[in-house]
Amino acid sequence: MTNVLIVDAERVIRSTLKERLEYEGYVVDTAQSRSEATGKLERSAFDVMLCDISLPEKDALDLLSVAHDSCPDLPVIMLSKLKGLDVAIDCIRRGAYDYIEKPIDLNKLLNSIRDSLQVKSQNRATKQSSGPEVNTGNKPAVAAGDDAQFQRAVRQRVQPSQSDAMVGTSKGMSGAFGRTGVGARRERYR
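The structure is reproduced here in structure tokens:
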């Protein structure tokens, strides 16, 4: 059985998601706040967590860190009314498996849950076949080549880019490059 924790301040969202996921065969527990979710994470084992980014107590991204500290391979899918690429990127950089905007597309959510569980299963299989465990000092021992450890290291090195990027159609790009001289040769041959 797959255990899912839903963390959302809105009762309607919690109950709707719980009902649908139970219909799909999942065992579901819910929490309405960061502190309630933290307690449940300490007492129970979950296979995946769905978490609204807008929790009343503290930033839900803080809960994401707590979840990964207690269970490093727990996939967390962030849910939010906030629209925008910046929010989604921030969630993924901090360790979320996925980011889904509200109103929630249930098919997209179910696919994300299935995908996250499949990745988690593959990571466990890799961890078990990767060889001897390595002691890392005061941190818990992990298998050498652990995918979660590698992902954390990559995330630490990913920093916001200070360079500009241009995205547009070829007409818009040629105009922009024409001003800098890059597209000037092309303009002469038209």
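Oh and the sequence shown: position 35 is 35 in full-length UniProt numbering, straight run, nothing missing.
Built from N, CA and C at the ideal position, the CB exists for glycine as well.
Distance from the CA of N123 to the CA of R20, rounded to the nearest whole angstrom, comes to 27 Å. In this structure, L5 sits near D29, with a CB-CB distance shorter than 7 Å. As DSSP reads the structure, V48 sits in a beta bridge with V4. Residue R34 holds the alpha-carbon nearest to the alpha-carbon of P56 among R34, D73, P75. Within a 10 Å sphere around the beta-carbon of L85 sit fewer than 16 other beta-carbons, which makes this residue exposed. The bridge partners DSSP lists for I77 are L50, D98. Inclusion of L64 and G25 in the CB contact set at 7 Å is not warranted, their separation being larger than that value.
Taking a 10 Å sphere around the C-beta of R43, we find fewer than 16 other C-beta atoms and assign the residue as exposed.
One alpha carbon belongs to E22, the other to R11, and they sit about 16 Å apart.
By the neighbour-count criterion, in which 16 or more other beta carbons inside 10 Å mark a residue as buried, M78 falls on the buried side.
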